[in-house]
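These notes are about the structure you will find just below.
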Amino acid sequence: MIATILALLAEAAEETNDKADLYPHWEELVVGALAFAVLFFFMWKWVLPRLNTMLEERRTKIQGELEKAETTRKEADHLLADYRAQLADSKGEANRIIEEARVAADQVRADIQAAATEEAQATVLRAQEEIRVERDRVFSELRDQVGEIAVELAGRVVGESLDESAHARLIDDYIDEVTRGNAQN
């Protein structure tokens, strides 16, 4: 197989050894030059202007998109700055509301404490007044009972009945004496 390939190559080399076969003929050069000129003219007249127009449109489109992107970026930066300012305002407003709520809560707590203190004092005063009234009532009843007992005893001791004015005077003297004795103890 290799031998047959070498034999074919040797035959092909013998057939193309002529120098005239290597260079093109002048007729082929003229036809090639004319075809090149027609092709060059066609390219120059119709293809290159369309290609330039298409490239210019593409360049304009890209330039417009870049300008639009830059405008959009500037708007986005402006909106971001606005949002940040609004966020800062919102934080300030939230802090102000929290502080107002804290002050209001402190005021409510102080009002509740004051009301509770006033109510407690009023309750204490009412209780003291009730105690005083009850003490006076008991003291009055006790005075009456002690007076009756004292008059009865005095009447038994003296053997006679005392009149009403003497009776009242003896009761008051006895109560004063008992009160002084209790105050000293």
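Once you know that position 137 of the sequence shown is 262 in this note's numbering, the rest is easy, because the numbers rise by one and skip nothing. Here a beta-carbon is modelled for each residue, glycine too, at the ideal position from N, C-alpha and C.
- Here the C-alpha atom of Arg-175 lies approximately 10 Å from the C-alpha atom of Glu-181.
- Annotation for Val-163: the continuous alpha helix (DSSP H) segment containing it runs 151–167.
- Rounded to the nearest whole angstrom, the CA to CA distance from Leu-154 to Trp-171 is 25 Å.
- The Cβ atoms of Ile-300 and Val-271 lie closer than 8 Å to each other.
- Annotated three-state conformation of Met-179 is helix, per DSSP.
- Going by beta carbons, Ala-275 and Ile-256 fall outside the 8 Å limit.
- When the Cα atoms are used, Glu-277 and Phe-264 turn out to be separated by approximately 19 Å.
- Taken through DSSP and simplified to helix, strand or coil, Tyr-148 comes out as coil.
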